[in-house]
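Colleague:
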Amino acid sequence: MFKTLLSTLSDGQFHSGDVLGDQFGVSRTAIWKQLKKVEDLGIPLESVKGKGYRIPGGLDLIDGGVIRESLLPQVSELVSGLDVRDVVDSTNVIALNQAMAGACGYVCTAEQQTAGKGRRGKAWASPYASNLYMSVVWEFVEGAAALEGLSLAVGVAVVEALNRAGVNGVQLKWPNDVLCQGRKLAGILLEVAGDLAGPCRVVVGIGLNVNMPSAADIDQPWIDIKEINRDAANRNQLLALILNELIPLLSDFERQGFSSYRDRWLALDAYAGREVAMLLGDESVIGRAVGVDKSGAVLVETSSGVRTFSGGEVSLRARS
């Protein structure tokens, strides 16, 4: 009943409590209790005497059927399951469980995450029906050796999908951030399940800010799709566009590797030629960012020569 009520209110129009009660065959008190759940999710709810209740601006809810219809035929064939959830702890956690059970081509998305994960264990802000939270499982026969540069290639796929959606001016920050106007628009998190030396499954997690509430608790400058282009594609269209770019990438990556994406990544590098600090625990290496190598490691020109840094616990920061 709650999800159906939310769908009814998603049009942004006023709905009276009496009419809603009649529609669902329950008392007005029962409707009020359901409306309280709407507010508990952090969704703004307006009440006007004589008119009823509405969600100002409406809601852009995820619809699995709409997403499926928007997938390219060759992509739809490779998506073994499209799992649309309401509230979850983390789509990556759910996808990892599927990966360990042998899934490949499984996609999980949700309206909200209560324990969304970013890189290096950081929390990922995941308010209800505001952004995109998605995780994709894919099998790699050759193990970890085939994964070099994968997170960077995924970044390229995300940017190209956003361009198709009418979102331009997007850049990439090594190793897994998507930026616009110098602020974070999306993040990518890869997690591996299985034998790193042999066949393994990778969970590709993507979080994209679409219509982030202004009160969101985020510890860095951020931007969302609506600020960049209010007429850009909606969440269902965005998710389908990303899958249309991502699934072919995952399908061909073992054969092509990062080398086929390197030039495109370099063209999108937000830090190219800039002074940066590479943070390795308590150590900080200062230099000038000069791109990435064929494996996806970042190259930094220092006073002692060009140094190479791979992922893991390494972070890149602009030098203040």
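Heads up: the sequence shown is residues 6 to 325, going by my numbering. No residue lacks a Cβ here, since even glycine has one placed at the ideal position from N, Cα and C.
Compare the beta carbon distance of ALA282 and ILE291 with 7 angstroms and say whether it is the shorter of the two.
Modeller: A contact, by the Cβ cut-off of 7 angstroms.
Colleague: Find out if the Cβ-Cβ distance for the pair ALA170, LEU248 is shorter than 7 angstroms.
Modeller: No, the pair does not count as a contact, with Cβ atoms beyond the cut-off.
Colleague: What residue ranges within the segment 25-79 form continuous alpha helix (DSSP H) runs of no fewer than 4 residues, ordered along the chain?
Modeller: Within the segment 25-79, the complete alpha helix (DSSP H) runs of at least 4 residues are 33-45, 69-75.
Colleague: Please state whether the Cβ-Cβ distance between THR119 and MET139 is less than 7 angstroms.
Modeller: Their beta carbons are not under 7 angstroms apart, which means THR119 does not touch MET139 by this criterion.
Colleague: With a cut-off of 8 angstroms on the beta carbons, I'd call GLU288 and ALA166 a contact; round off their distance for me.
Modeller: Rounded, the Cβ-Cβ distance is 36 angstroms, inconsistent with contact.
Colleague: With H, G and I counted as helix, E and B as strand and the rest as coil, what does DSSP make of GLU147?
Modeller: GLU147 falls in the coil class under three-state DSSP.
Colleague: Look up VAL183 in the DSSP assignment and give the residues it is bridged to.
Modeller: Answer is LEU177, ALA191, bridged to VAL183.
Colleague: Does the separation of the CB atoms of ILE223 and CYS185 fall below 7 angstroms?
Modeller: No, the Cβ-Cβ distance between ILE223 and CYS185 is not below 7 angstroms.
Colleague: Going by DSSP, what residues sit across from ALA245 in a beta bridge?
Modeller: DSSP, once it has assigned bridges, lists no residue as partnering ALA245.
Colleague: Classify ASP182 as buried or exposed, calling it buried when 16 or more other Cβ atoms lie within 10 Å of its own Cβ.
Modeller: Classification for ASP182: buried.
Colleague: Can you tell me which residues form a DSSP beta bridge with ASP88?
Modeller: For ASP88, which the question treats as bridged, DSSP gives the partners CYS113.
Colleague: With contact counted as at least three CB pairs below 8 angstroms, one residue from each stretch, are the segment 127-134 and the segment 143-159 in contact?
Modeller: The segment 127-134 vs the segment 143-159: no contact.
Colleague: Could you tell me how far apart the beta carbons of SER300 and PHE263 are, in whole angstroms, since I believe they sit closer than 8 angstroms?
Modeller: Right, the Cβ-Cβ distance comes to about 7 angstroms (below 8 angstroms), so this counts as a contact.
Colleague: Spell out the partners DSSP gives VAL305 in its beta bridges.
Modeller: Paired residues: ALA294, ARG312.
Colleague: Taking Cβ to Cβ, would you say LEU201 is nearer than 7 angstroms to ALA158?
Modeller: Against a cut-off of 7 angstroms, the Cβ pair of ALA158 and LEU201 comes out as no contact.
Colleague: With a threshold of 8 angstroms, are at least 3 pairs of Cβ atoms found where one atom belongs to the segment 309-325 and the other to the segment 263-274?
Modeller: No: the two stretches stay apart, fewer than three of their Cβ pairs being nearer than 8 angstroms.
Colleague: Just grab the DSSP bridge partners of TYR138 for me.
Modeller: Note: TYR138 sits in a beta bridge opposite GLY212.
Colleague: Taking contact to mean at least 3 C-beta pairs separated by less than 8 angstroms, is the segment 16-27 in contact with the segment 56-70?
Modeller: The answer is yes - the segment 56-70 touches the segment 16-27, with three or more Cβ pairs under 8 angstroms.
Colleague: Who are the near neighbours of LEU76 in its chain, counting only those whose CB is closer than 7 angstroms to its CB and skipping five residues on each side?
Modeller: Excluding residues within five positions, the ones whose Cβ falls inside 7 angstroms are VAL84, ALA245, LEU248, ASN249.
Colleague: Over what stretch of residues does the alpha helix (DSSP H) that includes ALA158 continue unbroken?
Modeller: 155-169 is the span of the alpha helix (DSSP H), which, as asked, contains ALA158.
Colleague: To the nearest angstrom, how far is it from the Cα of GLY17 to the Cα of VAL172?
Modeller: If you take the alpha carbons of GLY17 and VAL172, they lie about 25 angstroms apart.
Colleague: What are the boundary residues of the alpha helix (DSSP H) that includes LEU101?
Modeller: Element bounds for LEU101: 96-105.
Colleague: Look up LYS122 in the DSSP assignment and give the residues it is bridged to.
Modeller: Answer by DSSP bridge pairing, in chain order: ALA128.
Colleague: On the CB-based measure, 16 or more other CB atoms within 10 Å of its CB, does THR307 come out buried or exposed?
Modeller: The residue is exposed, with fewer than 16 neighbouring Cβ atoms inside 10 Å.
Colleague: Run through DSSP, which three-state label would GLU288 get?
Modeller: The answer is strand: DSSP assigns GLU288 an E or B state.
Colleague: Might you give, ordered along the chain, the residues of its own chain that have their beta carbon closer than 6 angstroms to the beta carbon of PRO204, omitting 5 neighbours on each side?
Modeller: Once the five neighbours on either side are set aside, the close Cβ partners of PRO204 are VAL146.
Colleague: Given that a residue counts as buried once 16 or more other Cβ atoms are within 10 Å of its Cβ, and exposed if not, what is VAL53?
Modeller: Result: exposed.
Colleague: Would you tell me roughly how many angstroms separate the C-alpha atoms of GLY317 and GLU153, rounded to the nearest one?
Modeller: Distance between the alpha carbons of GLY317 and GLU153 is about 12 angstroms.
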